[in-house]
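Chains as they are written, first to last, in our numbering: chain A, 124 to 447; chain B, 108 to 490.
Built from N, CA and C at the ideal position, the CB exists for glycine as well.
See below for the structure under consideration.
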Amino acid sequence: MTTMSMVKALNSGLRTVLEREPKALIMGEDVGRLGGVFRVTDGLEKDFGSDRVIDTPLAESGIIGTAIGLALRGYRPICEIQFDGFVYPAFDQLVSQLAKMPNRSGGRVRLPVVVRIPFGGGIGAIEHHSESPEAYFAHTAGLKVVACSNPNDAHWMIQQAAASDDPVIFFEPKRRYQAKAEVDTEKSSLGLHDAATVRSGSDATVIAYGPTVDVALHAAAAAAEEGRDLEVIDLRSLSPIDWEPLEASVRRTGRAVVVHEAPGSHGIGAEVAARLTEQCFYSLEAPVLRVTGYDVPYPASRLEEDYLPNLDRVLDAVDRSFEY
Amino acid sequence: MGDQPRPAKKTAKNRRKSASANEPEFVQLLNPGGQRVDHPDYALDLSDEEYRGLYRDLVITRELDAQGTALQRQGQLGLWPSLLGQEAAQVGSGRALREQDTVFPAYRELGVQWCRGIDLLSSFALFRGVDLGGRDVAADRFHMYSIVIASQTLHAAGYAMGVAKDGAVGSDEGEAVVVYHGDGATSEGDFNEALIWAGVFNAPLVLFCQNNQYAISETNARQFLVPPSQRAAGFGVPGILVDGNDVLATYAVTKSALDRARHGEGPSLIEAYTYRMQPHTTSDDATRYRDEAELDQWRAKDPILRYRTWLEAEGLAGGDYFAEIDAEADREVRKLRDRVISLTDPEVSEMFDSVYAEPVPQLAAQRAEAVAFRASLDEGSES
Ligand SMILES: Cc1ncc(C[n+]2csc(CCOP(=O)(O)OP(=O)(O)O)c2C)c(N)n1
C-alpha cells in the first residue's frame with residue numbers, strides 16, 4: 124500500500140503498461156515533453172522515448188483515426204484527449220469507426236484502443252473544460268466506457284483497459300486528480316467492468332461514478348449523523364453496467380438515487396432508473412430518483428456550484444425518496 | 108493619406124527582405140533594429156498621426172494584457188492567455204480593418220478587440236467565469252472568442268460566403284472577413300476545410316495565422332512540414348508570410364489581403380511569424396519545454412522597441428509623447444481593472460435563460476428548482 128494522487132496512480136499504471144506491453148503507445152497533445160496538461164504522462168517520454176510516447180499534431184480526429192490505423196497494424200494505442208470538450212472533432216472516428224469496425228469485420232479485426240478523457244467540472248475552468256460527455260459513448264454499441272473515482276481504481280483500471288481487446292473510453296474525474304488515497308500496488312480485487320459497493324448501508328442506495336462518488340460518500344456521512352444509513356455504489360463501468368450488485372442492493376434498500384454531473388435527460392441515470400425499475404419493481408418503495416446537472420450547456424464557472432450535484436441536493440433526493 | 112511619404116532609405120542592405128539569421132523570408136518593413144526596409148509589393152500610406160496611433164495601440168494592448176495576467180494572479184480571473192510578444196501582429200492587422208469588416212477571433216485577440224474600439228470587458232468576463240463571452244456580436248462586428256481550436260475558421264468562411272451572397276463585395280466599400288487562429292490550429296480538419304470552402308466559394312476571407320511558434324508545448328515541427336503560408340497555395344489561396352513583430356508589415360499585408368477580399372477577388376492566408384513571450388496561459392509552465400536563450404532571441408525582436416526606435420529616428424515622436432502614452436495606458440488599465448473587479452457573479456437563473464429561442468417547459472421547472480435551491484442555501488447561511 125502506498126498513498127498517492129490519482130495523477131500519480133494513473134502515471135504509474137501507464138508506466139507498468141509501457142513496461143509490460145511492447146506494443147503499447149501513448150499519444151495525444153502535449154503528452155510528451157510537457158507530460159500532459161495534468162502531468163498524467165509526466166516522465167514517460169523521457170523514459171520510453173518519443174517513439175512510444177507521442178506528441179501528436181493538434182487534431183483529435185487525427186489522434187483517434189491514426190490510433191485505429193496503428194491498432195490495425197498490431198499496436199495498442201492509449202490516446203489522451205486533453206479535455207472533455209475537445210473530444211467532439213473525433214466523434215466520427217470514435218462512433219462510426221472505432222466502435223463499428225470490429226463488428227463489421229465479423230470479429231476478425233480487434234481494436235485495442237484506450238481513449239483517456241479528463242472529464243467533469245468543479246475546477247473553475249472556462250467553457251469546454253468541464254463537460255461530461257460519457258452518455259454519447261455509452262449510447263454507442265461497440266465502445267466500452269468506464270470512469271475511475273479514486274487513485275486505486277485509476278491505477279488498476281487503466282492497466283485493465285489497456286489489456287482489453289475492445290475499445291475503452293476511459294473517463295478521469297479531473298477535480299479528483301490531486302486527492303490522495305491508498306493504492307494497493309500488488310493486486311486488484313476488481314475487474315474493469317465491476318461495480319463496487321464503497322459504503323454499505325440499509326436505508327437507500329446511492330449510485331454514482333467518477334467525481335460524484337466522493338459527493339455521494341460525503342452525503343452518506345452526513346445522512347448517518349441524521350440516523351439514515353445509505354449504501355453507496357460506484358458504477359465504475361458505464362458500459363457495460365454491472366447490474367447484479369445494483370439490483371441486489373436496491374432489493375434490500377428499496378430506494379435508489381443516481382448521481383452524475385452530466386445533464387439528467389437521456390443520461391446514464393435514466394438508463395439506471397429504467398433498468399432498476401424493470402428488475403426491482405416489487406422491491407422499490409419509491410421511484411428511482413436522479414440528481415444531475417441541469418439540461419443546459421455547462422455554465423460559466425461562477426455558476427458551476429449551482430449546476431453540479433452536491434451533498435445537499437443528494438440528501439434532498441434521499442428525503443424525497445422517503446416521502447413516498 | 109500620408110502627410111509625407113516615409114520610404115525606406117534605398118540601400119542594398121535594406122532591400123533584403125529579412126536581415127537577421129534564424130528568420131524565414133518574410134515581408135518586413137521595419138527590421139528589429141528599427142530601420143525601414145522596402146518591399147516592392149507593399150507601400151505605406153499612413154499619416155503621421157496614424158503612425159503615432161500604432162504606437163499607442165501597441166503600448167496600451169501590452170499594458171491591458173499585462174493587467175490580465177496580474178488579475179489572474181490576484182484571483183480575479185480564472186485564467187488569462189497572454190498575447191505578450193504578439194502585439195504587432197494584432198495591432199497591425201486590427202488597424203488594417205475597415206469599419207464594415209468582420210472579425211472572428213480565437214481567444215488571445217485582445218489587441219484586435221482594442222483596435223476595433225469595442226468594449227474589452229467581455230473578454231475579461233469570460234476569463235473571470237461570470238459569463239461565456241456573450242456580446243452584441245453583430246453590432247461589434249467582432250464575434251465571440253472560440254476556445255475549440257480552429258472551429259471559428261469555418262464560421263468565418265460561412266459568414267464570408269454570406270457576405271458574397273449578399274453582393275456586399277466588389278468595390279472599395281465591400282466587406283471583408285478576417286479570422287484569427289494559431290499555428291496549432293492548422294492541424295485541425297476544420298482549418299483545412301475552411302481553406303477549401305473559402306477557396307471554392309471565392310469567399311471574402313482573410314485567414315490570419317499568428318504563428319507564435321507553439322501550440323502549448325508543441326513546436327511547429329509537430330504541426331507541419333510546410334508552413335501555412337506555403338500550404339495555402341495548395342488550396343488555390345494566396346499565402347503571405349509576414350514578420351509578425353513588425354507592425355508596419357502586418358498592417359500593409361493585411362490591408363492588401365482585405366482589399367483583395369472586399370473587391371471580390373477571394374480569400375488569402377497571412378502567416379504572421381511571431382512569438383508568444385508568456386506561457387500558453389497562466390496555467391502553463393513553459394519552463395518545461397523552452398529555455399531562456401530562446402526567449403532572449405525574441406526579446407531582441409520586440410515589436411514595440413523597434414517601432415519606438417523608428418518613430419524617434421523619423422522625428423515622429425519623442426519622450427513627451429511616449430510619456431503621454433504611458434500615462435494613458437495607465438488610465439486605461441485602471442479603468443478596466445476597476446470594472447473587472449466589480450463584475451458581480453451572475454444569477455443562477457442565467458444559465459437557463461438563453462439555451463433556446465422558444466421556451467422548453469422542462470427547463471422552466473429546472474430553473475425554478477435551481478433558483479429555489481440557491482435561495483434556501485442563502486437563507487441558511489444568513490440565519
Ligand atoms: C479542439 C481543441 N483541442 C484541444 C484544445 C486545447 N488547447 C487549447 S489551446 C491549444 C494550443 C493552441 O495552439 P495554437 O493554435 O498554436 O494557438 P495559440 O494558443 O498558440 O495562440 C490546445 C491544444 C482546444 N482548445 N481545442
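What three-state label does DSSP hand residue i in the structure shown?
i: G208/A; result: helix
i: C222/B; result: helix
i: G160/B; result: helix
i: Y430/A; result: helix
i: H316/A; result: coil
i: I292/A; result: strand
i: E367/A; result: helix
i: C271/A; result: coil
i: N352/B; result: coil
i: A364/B; result: helix
i: R235/B; result: helix
i: T176/B; result: helix
i: R413/A; result: strand
i: G265/B; result: helix
i: N138/B; result: coil
i: E348/A; result: helix
i: S135/A; result: helix
i: Q293/B; result: Inspection of the sequence shows that residue 293/B is occupied by Thr rather than by Gln. It is helical.
i: R143/B; result: strand
i: S362/A; result: strand
i: C252/B; result: In the sequence as displayed, the identity of residue 252/B is Tyr instead of Cys. Of the three classes helix, strand and coil, the one that applies to Y252/B here is coil, per DSSP.
If we ignore side chains and look at the alpha-carbon of each, how far apart do residue i and residue j end up?
i: K120/B; j: I246/A; result: In this prediction, K120/B scores a pLDDT of 46, lower than 50, which makes its location untrustworthy; no coordinate-derived value is stated.
i: S461/B; j: L412/B; result: 45 angstroms
i: P410/B; j: N318/B; result: 15 angstroms
i: F404/A; j: R378/A; result: 11 angstroms
i: R180/B; j: Y428/B; result: 31 angstroms
i: L376/B; j: R383/B; result: 20 angstroms
i: L193/A; j: G185/A; result: 12 angstroms
i: Y211/A; j: S255/A; result: 12 angstroms
i: I347/B; j: F293/A; result: 43 angstroms
i: V237/B; j: Q183/B; result: 11 angstroms
i: F234/B; j: S449/B; result: 14 angstroms
i: P145/A; j: L133/A; result: 18 angstroms
i: L178/B; j: D437/B; result: 15 angstroms
i: K442/B; j: T394/B; result: 33 angstroms
i: A126/B; j: N138/B; result: Because the pLDDT of A126/B is 45, which lies under 50, any placement of that residue in the model is unreliable, and the number read from its coordinates should be weighed accordingly. If you take the alpha carbons of A126/B and N138/B, they lie about 7 angstroms apart.
i: T176/B; j: R351/A; result: 48 angstroms
i: L312/B; j: E168/A; result: 40 angstroms
i: A407/B; j: G351/B; result: 14 angstroms
i: F480/B; j: K272/B; result: 49 angstroms
Thinking just about the alpha-carbon of each residue, which of the options is nearest to the one in residue i?
i: D418/A; options: D276/A, G151/A and D429/A; result: D429/A
i: D172/B; options: G306/B, A472/B, Q193/B and P335/B; result: Q193/B
i: A359/B; options: A196/B, G141/B and Q181/B; result: A196/B
i: Q469/B; options: I330/A, R436/A, P386/A and P225/A; result: P386/A
i: N226/A; options: V176/A, Y198/A, P290/A and I240/A; result: P290/A
i: L358/A; options: W366/A, R351/A and D352/A; result: W366/A
i: Y414/B; options: P147/B, I225/B and Y158/B; result: Y158/B
i: D155/B; options: R163/B, E457/B and G269/B; result: R163/B
i: F161/A; options: D170/A, R299/A and S311/A; result: R299/A
i: L239/B; options: D288/A, R425/A and A286/A; result: R425/A
i: T263/A; options: R398/A, M129/A, L221/A and T139/A; result: L221/A
i: L191/B; options: V210/B, G201/B, R202/B and I167/B; result: I167/B
i: P147/B; options: A271/B, Q135/B, L153/B and G141/B; result: Q135/B
Going by the DSSP bridge assignment, what does residue i pair with across the sheet?
i: I149/A; result: V176/A and I201/A
i: I356/A; result: T320/A and I330/A
i: G346/B; result: L376/B
i: K303/A; result: S128/A
i: N318/B; result: Y380/B
Provide the residue span of the alpha helix (DSSP H) that contains residue i, from first to last.
i: S200/B; result: E194 to A203
i: T416/B; result: P410 to A420
i: R441/B; result: G426 to I448
i: I303/B; result: G296 to V307
i: Y259/A; result: E257 to A261
First and last residue of the beta strand (DSSP E) that includes residue i?
i: M127/A; result: T125 to S128
i: E384/A; result: A379 to P386
i: I240/A; result: V237 to F242
**Report entry** Contact residues within the region 394-424 of chain A, judged by C-beta distance below 8 angstroms to chain E
**Finding:** Of the protein chains in this structure, namely A and B, none is chain E.
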